[in-house]
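Data block below; observations after.
2 protein chains.
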Amino acid sequence: MGGDFGPEVTIPASLECLRANPDLNLILVGDEAILKQSLAQTLNDFQSRLSIVHASERVEMDDSPSKALKNKKDSSMRVAINLVKEGRADACVSAGNTGALMATAKFVLKMIPGVDRPAIISTLPSIYGHTHVLDLGANVDCAAEHLFQFAIMGAELVKAVENVENPTVGLLNIGEEEVKGNEQVKAAAQLLKESGLNYIGYVEGNSLNAGHVKVDLIVADGFVGNVALKSIEGAAKMFSSVLKEAFSKNLLTKLVAVLAYPILKSFKQRLDPRLYNGASFLGLRGLVIKSHGGADVLAFRTAIELAEVEIAHDVIRKISEKVEATLANRENT
Amino acid sequence: MGGDFGPEVTIPASLECLRANPDLNLILVGDEAILKQSLAQTLNDFQSRLSIVHASERVEMDDSPSKALKNKKDSSMRVAINLVKEGRADACVSAGNTGALMATAKFVLKMIPGVDRPAIISTLPSIYGHTHVLDLGANVDCAAEHLFQFAIMGAELVKAVENVENPTVGLLNIGEEEVKGNEQVKAAAQLLKESGLNYIGYVEGNSLNAGHVKVDLIVADGFVGNVALKSIEGAAKMFSSVLKEAFSKNLLTKLVAVLAYPILKSFKQRLDPRLYNGASFLGLRGLVIKSHGGADVLAFRTAIELAEVEIAHDVIRKISEKVEATLANRENT
């Protein structure tokens, strides 16, 4: 029900995913009457692979997390997360209110023992392919220990979904030299050096998209990570807008634009933010994926596919085991 | 002498500026023998408008700020800042080591009374023209009071150089809602609401280049500001690289690239980072402009021109007066 468009987007995206993956089962959670009406005949097309679970309420985009948690116990968000908790679903995908989704997920699913705080991880395009980055906004202030835990969890996710043995991990900072940064970052660097992770040191903001070396995972506190992510979104918007302007200046440039259309289209596709939609909440005992609220069908489909990939690679179990092993290791030393 | 290229870049840029502005006087500070040799005949062309002041040492890019300050008292950087202190120069422009430049400037010029910390301000291109942003890395941890002071100083600079009465000021945060952000940002918002500035509230990272409204000045702590700036640099690099790739895929796309060349060139020029080179240190009793270390002739020329603009608008005096008036106001209430 969530996001800026609700079932208008989530239903077509769901149907596309069902068509693309014959092993996928989807449960649509929300107002049964609305969902049934939107689905019409299609509900039967997929038989048992597509079902509806009714939820009488919905969390609005401006509901506070605590209000959603306390007053909307039958919201589509809450019911969907309950399905994960009960083992009836392997993941919950939502385009709804991020704060409410995080609070509800944390309350219902609980944290993996040893993890202090959940973090939000997603991928960004880069000149090397793409980069995973966390935290993207769940935590506005992070101690070194939190950054360390984010790195442990994030590296495990990257290992699983990218099938790389030893992903490189960088710590987001304002310079690469040892002396740079605030106390939390410096202390986190110390923890990461001793972590057994493939820690490559400090990286700067440009490493998210185009650093001088490929970095598989970049770790930051949620304030910095969120600002970096949105700064890149703004830069992308400006670039597209200025490029469009240059090609629509006059009749001649418009003519060239027609010729350049397939090239510009391939350029746009390579960096299409919809193909990077979907952020995972890490640190919880269950998989929850947050889609951008403004996601269209393609973007929401990407978020569902992200859930499929993480389920296939058993990411939550692997992270839980890694966290347990890491904490056991630390207690022994 | 500073930056990645030294006099090879700084001298041609200086000569171009002298040619462009007949009212400009430049003093080149550095190794006299090297400078004289590089200048050859040109030294006489500009007569009294171009002179050399000898400095026997130079700060290296990897010198620590304290080392530069203690052990290199005759560095080109130090001597140039001394000229500002003594009133023999209106500004110092350097492409050298940022940390050393800041430490030396602070030590020699001293702070404007009432300002706790210097900040680094620069401009970024935006869909509305451009945005001023500070702090870009001088301060890794900022209290609300520091952010408030940055806003006061930055707004005064924008007023002076843009000739706008009441520049809009936004505070960089991870959301626009009141509840968002860390304690420092929330407390700074309170101070800004009562500041008399045209404070428009929280803005997100995308507002640097392409927010939903124009913001004249964006205030952030130096860690966040620096990461945002460099994230945008990385995004720009990725965009250019992917665009170039798309146009050089095969013979046909290369042919279209030839046709599109003037369009792509105008696109590139509009966002050319060299035209945004130059960051001002605010809070000091004298004007110091930091150029990117990797600046080429055009970029370094932009940094010199920035100094010309700020001198012409008497920015340092205006900031000093504003700071004094603001502090007096606060003491009276």
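Chains A and B are the protein sequences, given in the same order. When we follow numbering that gives the first Met the number 0, the leftmost residue of the first sequence carries the number 0, and every step to the right adds one. When we follow numbering that gives the first Met the number 0, the leftmost residue of the second sequence carries the number 0, and every step to the right adds one. Glycine included, each C-beta is placed from N, C-alpha and C at the ideal position.
State buried or exposed for B:ILE155, treating a residue as buried only when at least 16 other CB atoms are found within 10 Å of its CB. A quick correction: the sequence has Glu, not Ile, at residue 155 of chain B. Classification of B:GLU155: buried, given that the 10 Å Cβ count is 16 or more.
Tell me whether A:GLU309 counts as near the ligand SAH, meaning its Cβ is closer than 7 Å to at least one heavy atom of that ligand. With respect to the ligand SAH, the structure offers nothing, as it holds no ligand at all.
What separation, rounded to the nearest whole angstrom, lies between the Cα atoms of B:SER74 and B:LYS66? Their backbone Cα atoms lie some 11 Å apart in a straight line.
In this structure, what does DSSP give as the bridge partners for B:TYR198? Answer is B:VAL168.
Continuous alpha helix (DSSP H) assignments of at least 4 residues falling wholly in the region 221 to 256 of chain A: The qualifying runs are 221 to 246.
Can you confirm whether B:GLU56, when its beta carbon is compared against all beta carbons of chain A, has any partner nearer than 8 Å? Not one chain A Cβ lies under 8 Å of B:GLU56.
Quick check on the burial criterion: 16 or more other C-beta atoms within 10 angstroms. Buried or exposed for A:TYR260? A:TYR260 comes out exposed.
Taking the runs of the alpha helix (DSSP H) that are 4 residues or longer, which of them lie wholly in the region 0 to 40 of chain A? Complete alpha helix (DSSP H) runs here, min 4: 6 to 19, 31 to 38.
Which residues mark the beginning and the end of the beta strand (DSSP E) in which B:PRO124 is found? In the DSSP assignment, B:PRO124 falls within the beta strand (DSSP E) that extends over 118 to 125.
Measure from the alpha carbon of A:ASN165 to the alpha carbon of each residue in A:LYS179, A:VAL184, A:SER194, then state which is nearest. The candidate whose alpha carbon is nearest that of A:ASN165 is A:SER194.
For B:ALA209 and B:ALA234, what's the separation of their Cα atoms in angstroms? Using only the alpha carbons, I get a separation of about 14 Å.
So, does the CB of B:ARG333 fall closer than 8 Å to a CB anywhere in chain A? With chain B running from 0 to 332 in the structure shown, residue 333 of chain B is simply not present.
Under 8 Å between the Cβ atoms of A:ILE288 and A:ALA19? No, Cβ-Cβ distance for A:ILE288 and A:ALA19 is not below 8 Å.
So that I know if they touch, is there some Cβ in chain A lying closer than 8 Å to that of B:PHE149? It does not; no Cβ of chain A falls within 8 Å.
So, does the CB of A:LEU207 fall closer than 8 Å to a CB anywhere in chain B? A:LEU207 belongs to the set of residues whose beta carbon lies under 8 Å from a beta carbon in chain B.
Separation of B:LEU100 from A:ALA142, as counted between CA atoms: Approximately 31 Å, taken between the alpha carbons.
Show which residues of chain A have a CB atom less than 7 Å away from the CB atom of B:SER93. Near B:SER93 there are no residues of chain A at all, since even the closest Cβ is about 18 Å away, more than 7 Å.
Could you list which residues in chain A have their beta carbon closer than 7 Å to that of B:LEU258, in chain order? Neighbours of B:LEU258 across chain A, judged by C-beta separation under 7 Å: VAL255, LEU258.
With distance defined between alpha-carbon atoms, name the residue in B:ALA79, B:ASP271, B:GLY221 nearest to B:VAL184. The residue with the shortest Cα to Cα distance from B:VAL184 is B:GLY221.
Quick check on DSSP: helix, strand or coil for B:PHE280? Looking at B:PHE280 - three-state DSSP - the assignment turns out to be strand.
Spatial neighbours of B:ALA256 in its chain, beta-carbon cut-off 8 Å, leaving aside the 5 residues before and after: PHE246, SER247, LEU263.
Quick check on A:ILE111: does DSSP put it in helix, strand or coil? Under the three-state reduction of DSSP, A:ILE111 is assigned to coil, being neither helix nor strand.
So, are the CB atoms of B:GLY292 and B:GLY2 less than 8 Å apart? Going by C-beta atoms, B:GLY292 is nearer than 8 Å to B:GLY2.
In the DSSP output, what is B:ILE315 paired with across the bridge? DSSP, once it has assigned bridges, lists no residue as partnering B:ILE315.
For A:LEU297, which residues from the same chain have a beta carbon less than 6 Å from its beta carbon, with the 5 sequence-adjacent residues on both sides left out? Cβ within range, chain order: ARG273.
Roughly how many angstroms separate the alpha carbons of B:LYS69 and B:PHE106, rounded to a whole number? Rounded to the nearest angstrom, the gap between the Cα atoms of B:LYS69 and B:PHE106 is 11 Å.
Is DSSP giving A:ILE173 helix, strand or coil here? Coil, per DSSP.
Within the 8 Å Cβ cut-off, does A:PRO124 reach chain B? A:PRO124 has a beta carbon lying within less than 8 Å of a beta carbon in chain B.
The beta strand (DSSP E) spanning A:ALA294 covers which residue range? Annotation for A:ALA294: no beta strand (DSSP E) segment contains it, and DSSP assigns it neither H nor E.
Under 7 Å by beta carbon: chain B residues contacting A:ILE315: Those do not exist, as A:ILE315 stays about 26 Å from chain B at its closest Cβ, beyond 7 Å.
Quick one: residues in its chain with C-beta nearer than 7 Å to the C-beta of B:LYS321, no 5 flanking neighbours on either side, listed in chain order? Its chain contains ILE151, GLU155 as the residues whose beta carbon lies nearer than 7 Å to that of B:LYS321, once the 5 sequence neighbours on both sides are disregarded; these appear in chain order.
Kindly list, in the order they appear in chain B, the residues whose Cβ is closer than 7 Å to that of A:ILE262. Chain B residues near A:ILE262: ALA245, PHE246, THR252, VAL255.
By a C-beta neighbour count over all protein chains shown, 10 Å radius and 16 as the cutoff for buried, is B:SER13 buried or exposed? By the neighbour-count rule (16 or more Cβ atoms within 10 Å), B:SER13 is buried.
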